[in-house]
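Novice: So the sequence lines, in the order shown, correspond to chains A and B. Going by this note's numbering, the letters in the first sequence line up with residues 17 to 380, in that order. Going by this note's numbering, the letters in the second sequence line up with residues 393 to 866, in that order.
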Amino acid sequence: MPSSTSSSERAVPRLAWTTAGTVALLVFVVVTAAWELHVRSQGYAPALNDSSDLWARSRSLLTDDPEQTVIVGSSRIQFDFDLDTWVAHHGGERPIQLAMPGSNPVAVLEDVAASDFRGNLILGVAPGLWFVPEGMPVERSEAALGRYRNWSPSQRVGLALAMPLQRSLAMINAEDLTLTAVLGRIELPNRPGSLPHLPPSEPPYFTAPDVHRQARMWSKCDFGSPLALKIQEIWKPLFTPPPPPPHLTPEEFQGMLAANSEAHLERIRAAIEAVQARGGRVAFVRTPSTDVLRQLERQFSPRPAFWDRMLAVSGAPGIHFEDHPELAAFDCPEWSHLTAADAVRYTEILAPMLLAALDGQDGD
Amino acid sequence: MLFNSLTFVAFFGVLLVLYYALRSWRLQKSLLLVASYLFYAAWNPPFVVLLWISTAIDWFAAKRLGHEERRGHRIALLCISLGANLGLLGFFKYGGFMLENFQNVVGFYGMSFEAAKPDIILPVGISFYTFQTMSYTLDVFLKRSKPSHSFLDFALYVTFFPQLVAGPIVRATHFLPQCETPRRATFDMFRWGLFLMTLGLFQKIVLADTMLAGASETVFNWSRGPVATLDAWLGVLAFSGQIFFDFAGYSTCAIGAALCFGFSLPDNFRCPYAAIGFSDFWQRWHISLSSWLRDYLYIPLGGNRRGRVRTDINLMVTMLLGGLWHGASWTFVVWGGLHGTFLGVERALRGRFGGASWVSSLTGKIMLGALTYFLVNITWVFFRARDFESAKLLLLSMFGVISDGAQVLPTLDMVKVIVVITALVITHWIHRSIPVEAAAERLPGWAHGLVWGGMLVLLGISQGSDNAFIYFQF
Numbered sequence: 017m018p019s020s021t022s023s024s025e026r027a028v029p030r031l032a033w034t035t036a037g038t039v040a041l042l043v044f045v046v047v048t049a050a051w052e053l054h055v056r057s058q059g060y061a062p063a064l065n066d067s068s069d070l071w072a073r074s075r076s077l078l079t080d081d082p083e084q085t086v087i088v089g090s091s092r093i094q095f096d097f098d099l100d101t102w103v104a105h106h107g108g109e110r111p112i113q114l115a116m117p118g119s120n121p122v123a124v125l126e127d128v129a130a131s132d133f134r135g136n137l138i139l140g141v142a143p144g145l146w147f148v149p150e151g152m153p154v155e156r157s158e159a160a161l162g163r164y165r166n167w168s169p170s171q172r173v174g175l176a177l178a179m180p181l182q183r184s185l186a187m188i189n190a191e192d193l194t195l196t197a198v199l200g201r202i203e204l205p206n207r208p209g210s211l212p213h214l215p216p217s218e219p220p221y222f223t224a225p226d227v228h229r230q231a232r233m234w235s236k237c238d239f240g241s242p243l244a245l246k247i248q249e250i251w252k253p254l255f256t257p258p259p260p261p262p263h264l265t266p267e268e269f270q271g272m273l274a275a276n277s278e279a280h281l282e283r284i285r286a287a288i289e290a291v292q293a294r295g296g297r298v299a300f301v302r303t304p305s306t307d308v309l310r311q312l313e314r315q316f317s318p319r320p321a322f323w324d325r326m327l328a329v330s331g332a333p334g335i336h337f338e339d340h341p342e343l344a345a346f347d348c349p350e351w352s353h354l355t356a357a358d359a360v361r362y363t364e365i366l367a368p369m370l371l372a373a374l375d376g377q378d379g380d
Numbered sequence: 393m394l395f396n397s398l399t400f401v402a403f404f405g406v407l408l409v410l411y412y413a414l415r416s417w418r419l420q421k422s423l424l425l426v427a428s429y430l431f432y433a434a435w436n437p438p439f440v441v442l443l444w445i446s447t448a449i450d451w452f453a454a455k456r457l458g459h460e461e462r463r464g465h466r467i468a469l470l471c472i473s474l475g476a477n478l479g480l481l482g483f484f485k486y487g488g489f490m491l492e493n494f495q496n497v498v499g500f501y502g503m504s505f506e507a508a509k510p511d512i513i514l515p516v517g518i519s520f521y522t523f524q525t526m527s528y529t530l531d532v533f534l535k536r537s538k539p540s541h542s543f544l545d546f547a548l549y550v551t552f553f554p555q556l557v558a559g560p561i562v563r564a565t566h567f568l569p570q571c572e573t574p575r576r577a578t579f580d581m582f583r584w585g586l587f588l589m590t591l592g593l594f595q596k597i598v599l600a601d602t603m604l605a606g607a608s609e610t611v612f613n614w615s616r617g618p619v620a621t622l623d624a625w626l627g628v629l630a631f632s633g634q635i636f637f638d639f640a641g642y643s644t645c646a647i648g649a650a651l652c653f654g655f656s657l658p659d660n661f662r663c664p665y666a667a668i669g670f671s672d673f674w675q676r677w678h679i680s681l682s683s684w685l686r687d688y689l690y691i692p693l694g695g696n697r698r699g700r701v702r703t704d705i706n707l708m709v710t711m712l713l714g715g716l717w718h719g720a721s722w723t724f725v726v727w728g729g730l731h732g733t734f735l736g737v738e739r740a741l742r743g744r745f746g747g748a749s750w751v752s753s754l755t756g757k758i759m760l761g762a763l764t765y766f767l768v769n770i771t772w773v774f775f776r777a778r779d780f781e782s783a784k785l786l787l788l789s790m791f792g793v794i795s796d797g798a799q800v801l802p803t804l805d806m807v808k809v810i811v812v813i814t815a816l817v818i819t820h821w822i823h824r825s826i827p828v829e830a831a832a833e834r835l836p837g838w839a840h841g842l843v844w845g846g847m848l849v850l851l852g853i854s855q856g857s858d859n860a861f862i863y864f865q866f
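#1: In chain order, what are the residue ranges of uninterrupted beta strand (DSSP E) at least 3 long that sit wholly in the region 17-94 of chain A?
#2: Any Cβ of chain B within less than 9 Å of the Cβ of Leu-41/A?
#3: Give, in chain order, every unbroken run of the alpha helix (DSSP H) that is at least 4 residues long and sits entirely within the region 448-523 of chain B.
#4: Would you say Ser-170/A reaches chain B, if we count a Cβ-Cβ gap shorter than 9 Å as a contact?
#5: Would you say Ser-210/A reaches chain B, if we count a Cβ-Cβ gap shorter than 9 Å as a contact?
#6: State the CB to CB distance for the pair Gly-135/A and Thr-85/A, rounded to an integer number of angstroms; the pair is presumed to be in contact (CB under 8 Å).
#7: Under a CB-based cut-off of 9 Å, is Leu-73/A close to chain B?
#8: Between Phe-239/A, Gly-59/A, Gly-108/A and Ala-142/A, which has its C-alpha nearest Gln-94/A's C-alpha?
#9: Using the Cα positions of Leu-245/A and Trp-251/A, report the straight-line distance between them to the nearest angstrom.
#10: Residue range of the beta strand (DSSP E) that Glu-302/A falls in?
#11: Quick one: residues in its chain with C-beta nearer than 8 Å to the C-beta of Lys-421/B, no 5 flanking neighbours on either side, listed in chain order?
#12: May I ask you to report which of helix, strand or coil DSSP gives Gly-376/A?
#13: Taking a cut of 8 Å between CB atoms, which residues from the region 434-457 of chain B lie near chain A?
#14: With three or more beta-carbon pairs closer than 8 Å as the criterion, would you say the region 615-628 of chain B touches the region 750-759 of chain B?
#15: Below 8 Å on the Cβ atoms is my contact criterion, and I expect Ser-671/B with Glu-738/B to pass it. Report the Cβ-Cβ distance as a whole number of Å.
#16: Just checking: is the beta-carbon of Pro-18/A within a distance shorter than 9 Å of some beta-carbon in chain B?
#17: Taking the alpha-carbon positions, what's the Leu-443/B to Pro-260/A distance?
#18: Hey, Asn-65/A and Asn-189/A are a contact pair by Cβ (cut 8 Å); roughly how many whole angstroms apart?
#19: Give me the subset of the region 796-829 of chain B whose CB atoms are less than 9 Å from a CB atom of chain A, sorted by chain position.
#20: Along chain A, in chain order, which residues have C-beta atoms closer than 7 Å to that of Leu-850/B?
#21: Would you kindly work out how many angstroms separate the C-alpha atoms of Thr-565/B and Leu-145/A, rounded to a whole number?
#22: What first and last residue would you give for the alpha helix (DSSP H) that runs through Asn-706/B?
#23: Which of helix, strand or coil does DSSP assign to Pro-569/B?
#24: With a threshold of 9 Å between beta carbons, is Asn-120/A in contact with chain B?
#25: Check whether chain A comes within 9 Å of Gly-846/B, counting only Cβ atoms and requiring the distance to be less than that.
#26: Where do the ends of the alpha helix (DSSP H) carrying Ile-679/B lie?
#27: Could you tell me the alpha carbon to alpha carbon distance between Arg-294/A and Ala-129/A, rounded to whole angstroms?
#28: Given a cut-off of 9 Å, decide if Met-272/A and Phe-300/A are closer than it, judged by their beta-carbon atoms.
#29: Is the CB of Val-47/A under 9 Å away from at least one CB in chain B?
#30: Which of the three DSSP states, helix, strand or coil, is assigned to Thr-223/A?
#31: CB-CB under 6 Å to Pro-225/A, same chain, minus the five flanking residues each way: which ones, in chain order?
#32: Give a yes or no on contact between the region 355-373 of chain A and the region 91-106 of chain A, applying the rule of three or more CB pairs nearer than 8 Å.
#33: Give a yes or no on whether the C-beta atoms belonging to Ile-112/A and Arg-75/A are separated by under 9 Å.
#34: Per DSSP, what kind of secondary structure is Asn-136/A in: helix, strand or coil?
#35: Contact criterion: CB-CB distance below 9 Å. Does Arg-616/B meet it with respect to chain A?
#36: Pick helix, strand or coil for Arg-778/B, following the three-state DSSP scheme.
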């Protein structure tokens, strides 16, 4: 019987606590250690999670130093732009990396523009993402900004406590090794007539960021690797626009997208103008993409309608990899991002061009 | 801070060490009070002021009530307490809702009233601690208890961190006597407390967030037309499990955390999905709220003492307000209204068929239990749906009126829901009359250890997240 002592006291069961506690501890330690060893044998290594808290931490650095170099964009500029190589050319601190994988960066650009920022602003362009009207890419930016704006003391402390653990244990991997992700790898056929996964699946873990959110491609994603091939297949639906919703004709849908693009262009222009008005300098960078993905981009985000328009409307300079043979020579294992070694070489070539583009605004 | 966060693990560990290092009971209570303010401030520091306001007003109102015998003055003091607490709740939780409805009413009569949408952040747990402090003043007003003689004890009662933001809503008569003598957990209490915290986190992180949230969110957030009948049902069943594991998980954590400091908190859930009828359901679901509504609303309205019609009206008023307590939306009111209706119908049927032998047979109980769970799930549609339009669409899909909805759930999510919900319902039925303590005693030590260790492993692999508990928003 429970050893209840009075009506206001809780009953506490009589158990063989020593046995129970010992077995629980043993099970926990042994299974967790085995899991850690297993994931390390699969190539995983301890690394920080690119969480919204880590992003909020980077964003708060901008408040501390509004004259820093800041990078806004999506995963390509986060992978391909090597912060240390830039520092070697430009000097100063590592830039503040605010690029966010799979995001529409316009809201982040507006947030930077609304701050006191007056440093160098590098805008990494994956053309489709800058003009996505709604859905996950937009929500991702808004969620990160929301996190920064409402970043509670508890979340700050949580990040400080989590980082040493993430640096020690490979099993702490929010993208690939959570119970949800592990269960998600069980392949069960869906019912005939089931809708495809919406939004399309995102690529699995293939990068390890550092504390400044410098992303470096995982070595398991090298050229021709199963992981690289798997990610290539994931890009196809992700970079293909959805069909028109049932209540719109294709013409109406196209008209809606065009109006949305114009609205985004105006937001981009206004934000850049605000930065430049405070003495900030801005440049666009179009990082390499290759093969089928590049073909999809040509089809759905043609350069004249997007890249050229961004530059024309904003008046800011830009460096497109296809305009420079030495930049166009880089290849991407999964068509969209450079390897860690290539990112260094790419930045070495890009940095002088970028500095020239930024310095060119001083005389304006 | 969230129970499911590293910050809480560190906070809890440090607090335990400090608490047991102190020898003075007064210092220990002071430490718990300061720690509780820190716990609350970790979300949004300025909102601690609201806690202080609620604490101070109820302390002084109750203290005066303890000496005041003039009826008019007593009512005035009660009004000050209720006005302050309900005012805080009204402003922060219902301000936008009231403004929106005012605009709709004015618009209905052909007039126009445009006001800026108020940008009000809802202080976490405000519905819980305002109800808790109000119960204290009401008890003193109704002479069910005397005012506390210690401000420190009373402040700790309002603020005690395990139950501060999502209950259980503790009565002063349960908590304040515990503050009179030093509380030290025995080793058994401490270990049982830690086990309950593990169990609560397992319910929240593994069962609610990992196993059920995906299917529930896919179905309820689907905005491209109706979903297929099977998907609609599985989505609603997933939500029924998600909200139970989320909320019961919090309560279990709270009870466990309090136990580690030697304090007792009351049960908040007793296998609600094994309920037979809605009156049974409300004795098993969010018990601390349903008993609050019973004692401070339903009974003062007259309860069941003024005839059948008046009883039904009292029930309905209580449940409508109970619905509104959950959120500033008419969908919550309809959820409460449905529960009120089912309670009223049950009362009528009980009077007519209550004595029938089949009602008390095992088959009859199972059938009535299944009917209760079925109807509870219908009510969850209104609780979770974004608006009435999406609730209507989902109900039409559930009952096959719309038969060509989209199959939105992947097979893996369907399997998760079926496995977890089946296990949940069976477990509730098996443990319908058996408290978790008694169930634990039936297990040998090694089996208990295996269960405990298994939950810890899955918690470790789940890695947690910063998903807030659903009931925080209430």
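Quick reminder that beta carbons are idealized off the backbone N, C-alpha and C, glycines included. Just so it is clear, the structure is predicted and the values come from calculations on it, not from any experiment.
Specialist: Here's the rundown:
#1: 86-88, all fully within the region 17-94 of chain A.
#2: Within the first sequence, the letter at position 25 stands for residue 41/A. Chain B, which has a Cβ nearer than 9 Å to the Cβ of Leu-41/A, makes this yes.
#3: Restricted to the region 448-523 of chain B, the alpha helix (DSSP H) segments that are unbroken, complete and at least 4 residues in length are 463-500, listed in chain order.
#4: If you number the first sequence from 1, residue 170/A lands on position 154. For Ser-170/A, the answer is yes, since a Cβ of chain B falls inside 9 Å of its Cβ.
#5: Mapped onto the first sequence, residue 210/A falls at position 194. It does; some Cβ of chain B falls within 9 Å.
#6: Within the first sequence, numbered from 1, the residue matching residue 135/A stands at position 119. Within the first sequence, numbered from 1, the residue matching residue 85/A stands at position 69. Sure, about 6 Å apart at Cβ, within 8 Å.
#7: In the first sequence, counting from the first residue as 1, residue 73/A sits at position 57. Per the sequence shown, residue 73/A should be read as Arg rather than Leu. No, no contact with chain B.
#8: Here residue 94/A refers to the residue found at position 78 when the first sequence is read from its first residue. Here the closest residue by C-alpha is Ala-142/A.
#9: Stepping through the first sequence from its first residue, residue 245/A is reached at position 229. Stepping through the first sequence from its first residue, residue 251/A is reached at position 235. Answer to the nearest angstrom: the Cα atoms are 10 Å apart.
#10: Looking up residue 302/A in the first sequence gives position 286. Going by the sequence as given, residue 302/A is Arg instead of Glu. Bounds of the beta strand (DSSP E) holding Arg-302/A are 297-302.
#11: Taking the first residue of the second sequence as position 1, residue 421/B is located at position 29. Cβ within range, chain order: Leu-544, Asp-545, Leu-548 and Cys-571.
#12: Translated into the one-based positions of the first sequence, residue 376/A becomes position 360. In this structure, DSSP gives Gly-376/A a state outside helix and strand, which the three-state scheme calls coil.
#13: Per Cβ criterion, the list reads Ala-434, Trp-435, Asn-436 and Pro-437.
#14: Contact fails: fewer than three Cβ-Cβ distances are below 8 Å.
#15: Position 279 of the second sequence, counted from the start, is the residue given in the question as residue 671/B. Position 346 of the second sequence, counted from the start, is the residue given in the question as residue 738/B. Contact between Ser-671/B and Glu-738/B holds, with the beta-carbon distance rounding to 6 Å and staying under 8 Å.
#16: Residue numbering aside, residue 18/A sits at position 2 when the first sequence is read from its first letter. In this predicted model, Pro-18/A has a pLDDT of only 34, less than 50, meaning its place in the structure is not dependable; the value taken from the coordinates is given anyway. Residue contact with chain B for Pro-18/A: present (Cβ-Cβ distance below 9 Å to some residue of chain B).
#17: Numbered from its first residue, the second sequence carries residue 443/B at position 51. Numbered from its first residue, the first sequence carries residue 260/A at position 244. Here the alpha carbons of Pro-260/A and Leu-443/B stand approximately 51 Å from one another.
#18: Counting from 1 along the first sequence, the entry for residue 65/A is found at position 49. Counting from 1 along the first sequence, the entry for residue 189/A is found at position 173. Yes, they are in contact, since the Cβ atoms of Asn-65/A and Asn-189/A sit about 7 Å apart, within 8 Å.
#19: Within the region 796-829 of chain B, the qualifying residues are Ala-798, Gln-799, Val-800, Leu-801, Pro-802, Thr-803, Leu-804, Met-806, Val-807, Lys-808, Pro-827, Val-828 and Glu-829.
#20: Walking along the second sequence from the start, residue 850/B turns up at place 458. Simply Leu-195.
#21: Here residue 565/B refers to the residue found at position 173 of the second sequence. Here residue 145/A refers to the residue found at position 129 of the first sequence. Going by the C-alpha atoms only, they are around 59 Å apart.
#22: On the second sequence, position 314 is the one that residue 706/B refers to. Going by DSSP, Asn-706/B is part of the alpha helix (DSSP H) stretching over 700-718.
#23: Sequence index remark: in the second sequence, residue 569/B carries index 177 (1-based). In the three-state reduction of the DSSP assignment, Pro-569/B falls in the helix class, which pools H, G and I.
#24: The sequence position of residue 120/A within the first sequence is 104, counting from 1. Chain B, which has no Cβ nearer than 9 Å to the Cβ of Asn-120/A, makes this no.
#25: Working through the second sequence from its first residue, we reach residue 846/B at position 454. Under the 9 Å criterion on CB atoms, Gly-846/B is classed as interfacial with respect to chain A.
#26: Position 287 of the second sequence, counting from 1, holds the residue named residue 679/B. From DSSP, the alpha helix (DSSP H) with Ile-679/B extends over 679-685.
#27: In the first sequence, the residue the question calls residue 294/A occupies position 278. In the first sequence, the residue the question calls residue 129/A occupies position 113. One alpha carbon belongs to Arg-294/A, the other to Ala-129/A, and they sit about 9 Å apart.
#28: Reading the first sequence from its first residue, position 284 is the one you call residue 300/A. Reading the first sequence from its first residue, position 256 is the one you call residue 272/A. Cβ atoms of Phe-300/A and Met-272/A: not closer than 9 Å.
#29: Translated into positions along the first sequence, residue 47/A becomes position 31. Yes - at least one Cβ of chain B is within 9 Å of the one on Val-47/A.
#30: Position 207 of the first sequence, counted from the first residue, corresponds to residue 223/A. Thr-223/A falls in the strand class under three-state DSSP.
#31: Against the first sequence, residue 225/A aligns to sequence position 209. Around Pro-225/A, the same chain offers Leu-64, Asp-66 and Ala-231 as residues with beta carbons nearer than 6 Å, after the five sequence neighbours per side are excluded.
#32: The region 355-373 of chain A, when compared against the region 91-106 of chain A, does touch it at the 8 Å Cβ threshold.
#33: To locate residue 112/A, count along the first sequence from 1; it is residue 96. To locate residue 75/A, count along the first sequence from 1; it is residue 59. Going by C-beta atoms, Ile-112/A is nearer than 9 Å to Arg-75/A.
#34: One-based indexing of the first sequence puts residue 136/A at position 120. Reduced to three states, the DSSP call for Asn-136/A is strand.
#35: As a first step, residue 616/B is located in the second sequence; it is residue number 224 there, counting from the start. The beta-carbon of Arg-616/B is placed less than 9 Å from the nearest beta-carbon of chain A.
#36: Against the second sequence, residue 778/B aligns to sequence position 386. Note: Arg-778/B maps to coil in three-state DSSP.
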